Amino acid sequence: MDRLHISGWRRLAVELVCEASTLGVAGGMLALFMATPAFQDTASSNWLKQEDLAVTFLDRYGQEIGRRGIKHDDSVPIDQMPKYMIQAVIATEDRRFFQHFGIDILGTLRALTVNAKADTVVQGGSSITQQLAKNLFLSNERTLARKIKEAYLALWLEGHLTKRQILQLYLDRMYMGGGTFGVQAAAEFYFGKSVRNVTLAEAAMLAGLFKAPTKYAPHVNLPAARARAADVLQNMVEAGYLTEGQIYGALHNPATPVARSRAATPDWYLDWAYDEVRKLAEAHKLGNDRVLTVRTALDPNLQRFADTTIEDQLRQYGHSYHVDQSAMVILDPANGGVRAIVGGRDYGTSQFNRAVDALRQPGSSFKPFVYLTALLTGKFKPSTIVVDGPVCIGNWCPHNYENSFRGRVPLVAALAHSINSVAVKLSIDIGQAYPVKGHNNTYEAAKRGRARIIQTARKMGITTPLPDTVSLPIGADAVNVMEMAGAYATFANGGKRVNPFAAVEITNSHGQVIYRHDRDTPPPKRIFNADVIDEMVSMMKQVVLAGTGRNAKLDNTDVAGKTGTTNGYKDAWFIGYSGNYVGAIWFGNDDDTPTNRMTGGSLPARTWHEIMAYAHQGIDLKPLPGDPPRPAKPAPTPAAAVAQPGVPQRPPSLSSASVAVLGTIAETAKAAELKKASSTALTHFTDVP
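Residue numbering for the sequence shown follows the working numbering, starting at 578 and increasing by one per position.
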């Protein structure tokens, strides 16, 4: 038995090895468990064809705004690309691509070292396979779970595809700035030629786009693009592909792009719209044609103004508020047509759509669901006196923002000043309005009340799971910006449920209309009596006129809304509406760190004001529910904005009738072009499917 006994340093070493092995196995099992959901998309043998749609998107006026998907006829095989195009990508993005098994540990360490020395991104950290895995299967959220899924999916791809197939998919699919995806589309956009014909200097500039396509887009920042291309050329020398002499010409005669507009493409909107089209196709509502044209509800002027305003606000106030990101959705409350989406600060840096995919606590912007549910009991009116005082549910006792209580206040004032205690007391009162024999204590009544509140939110369009927590009435459960905008539309349109949408009309490659939203979807459905909605709107108007949302007030336009601020100042919201638009805006940080005491009534309300003041210029104003009809005249342009240099002016807006006429003209012209193209094609092909 003595021979089995180990003591001293050897015993310590054995125990450390055993513990490390145990932790390693446990960690691996945990990582695999976290990665398992990511493999759902790979279960189908048809996973490579799930996104074979090629979609051209138009704005609401019929002008092209971008494309998504891949026309397989336009995909250039890698053996037809210049050798230096492939070498430039591999030297910069994944130097050991042909040696590793999907995850290049040595390459990652090397890239970290090089980038740290250069104080910028010179070489990529994730392998090409990892980047492709994220592109194919994952969102752009920055979490440990996503990185684990990415690693496992990279291994899966390496086991199911050849290196050549992985590289081909990578070169066809990655975002390259300017609204382009893949090197072929990028070569045509930036240089007006096929990728087959790009020079070494042009290839280096294209290869430099993968890590930061917006930052290095040559039509936006040519000096930065050329500096990045020089880094790529040096990478090619270091990788042994070229010599210093061979890159001399490209270094001293850098690429020059063709003239392009600097206007940003609405990429977050296009991503969301493309996802909507994919779902329609999967539901077999679009036929078998995979080449489609989609007219969207996008207002291009409003989209551009929202993009630039949010970026300006973050640049001007982001440092003082310790805030890096924002997201916004603007939609038409009459039918849910989405006019603009801002998914973050810079699409090129992060394609993660914070307006759609980020789940954030809404804070007090959730309270209108509570107040509406209270009005529905018939026990409350806006003038009903409620008591702002201490309240506890079990051991949980919420506090107000000011850490004080106001005593007796009208219900309308409680909402205007966003009093937490009243929202919690209302959840109890709602539950007591629906008594259950033997279950009427405070805790059980509050639970029943929260169930009713969740039911109200669901009816209005909140689809994200809402866990039943005691803090739900003050907005502790996470939601996204898009669904909050859609839910608030119910207030703006007088009590009807609308579902946010992008696709107004879809035509196939033959010009035939195969889908129309107004024809193929149910009309907005009334879910609440107009009288109770009128009362809610009257209370929410006071939020803007005399409450926490005063910074959102518009001149000559009646608006209503609600601010939202979460504990620890991690999230700040303002969601407001007029008779014409609903706008939901959020500010916060991706890593969930606190802001510097930012509230929904500060930067969010001010930014909402700037954007919505622009949106309402020169349009026929619609009344809010409960307001008398307005005279048929457009909102005046603010005096401060008349003929003022540097002040943005909204281009004249077209009526819905004018938009319809333009759409008809565009369809006629397109049909004529298709007819001409078809007759030409028939002279060359005998077998046309």
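The beta-carbon is built from N, C-alpha and C at its ideal position, and this holds for glycine as well. These numbers were taken from a predicted model, which means no experiment stands behind them.
Query	Result
Buried or exposed (CB count within 10 angstroms, at least 16 for buried), residue 1014	exposed
For residue 1082, the three-state DSSP class (helix, strand or coil)	strand
Buried/exposed call for residue 890, threshold 16 Cβ in 10 Å	buried
Rounded separation between residue 817 and residue 660 - CA only	13 angstroms
Cβ pair residue 931, residue 921 closer than 7 angstroms	yes
Which residues DSSP lists as bridging residue 902, in chain order	1165
Test item: CB-CB of residue 1184 and residue 1162 under 7 angstroms	yes
Reference residue 1063; option with closest CA among 1041, 759, 1046, 1084	1041
Segment contact flag, the region 803-822 with the region 656-676, C-beta cutoff 8 angstroms, min 3 pairs	yes
Exposed unless 16 or more other CB atoms sit within 10 angstroms - verdict on residue 961	exposed
Test item: CB-CB of residue 679 and residue 722 under 7 angstroms	no
Whether residue 795 touches residue 767 by CB criterion (7 angstroms)	yes
Distance between residue 1191 and residue 1083 (C-alpha atoms, nearest Å)	29 angstroms
Continuous beta strand (DSSP E) stretch holding residue 819: start and end	Residue 819 -> no beta strand (DSSP E), and no H or E assigned at all.
C-alpha gap between residue 837 and residue 797, whole angstroms	9 angstroms
Simplified DSSP state of residue 641, which is helix, strand or coil	strand
Span separating the alpha-carbon of residue 631 from that of residue 1135	42 angstroms
Cβ shell of residue 1111 (< 6 angstroms), same chain only, five flanking positions each side left out	1202, 1203
Residue 600 classed as buried or exposed, judged by whether at least 16 other C-beta atoms fall within 10 angstroms	Reliability of the predicted coordinates at residue 600 is poor, the pLDDT of 44 falling under 50, and the value obtained from them is presented with this limitation in mind. Classification of residue 600: exposed, given that the 10 Å Cβ count is below 16.
Contact the region 865-878 vs the region 1031-1041: 3+ CB pairs below 8 angstroms	no
Beta-carbon proximity check, residue 918 vs residue 906, cutoff 7 angstroms	yes
Option in 951, 992, 821 with minimal Cα separation from residue 1124	992
The region 994-1008 touching the region 1022-1030, judged by at least three CB pairs closer than 8 angstroms	yes
Whole-Å CB distance - residue 942 paired with residue 706, under 8 angstroms assumed	Between residue 706 and residue 942 the Cβ distance is about 41 angstroms, and since that is not below 8 angstroms, they are no contact.
Identity of the residues DSSP links to residue 1142 by a beta bridge	1149
The region 1093-1105 in contact with the region 1071-1082 per 3-pair CB rule at 8 angstroms	yes
Proximity winner among 1068, 1142, 1148, relative to residue 1118 (alpha-carbon distances)	1068
Boundaries of the alpha helix (DSSP H) in which residue 965 is found, first to last residue	No alpha helix (DSSP H) holds residue 965; the beta strand (DSSP E) holding it covers 962-965.
Secondary structure of residue 634, DSSP reduced to three states	strand
Boundaries (first-last residue) of the alpha helix (DSSP H) holding residue 872	Looking at the DSSP string, residue 872 is not in any alpha helix (DSSP H); the run it does join, the beta strand (DSSP E), is 868-873.
Start and end residues, alpha helix (DSSP H) containing residue 705	705-714
Cα-Cα separation, residue 1177 to residue 951	24 angstroms
Limits of the unbroken alpha helix (DSSP H) element including residue 918	It is not in any alpha helix (DSSP H) - residue 918 instead sits in the beta strand (DSSP E) that spans 915-919.
Per-residue burial, residue 1188 [other beta carbons within 10 Å of its own, 16 or more giving buried]	buried
Close Cβ partners of residue 1257 (< 8 angstroms) along its chain, the five nearest in sequence each way excluded	With a pLDDT of 35 at residue 1257, under the threshold of 50, the modelled position of this residue cannot be trusted, and the question is left open.
Through-space distance from residue 840 to residue 988, alpha-carbon basis	47 angstroms
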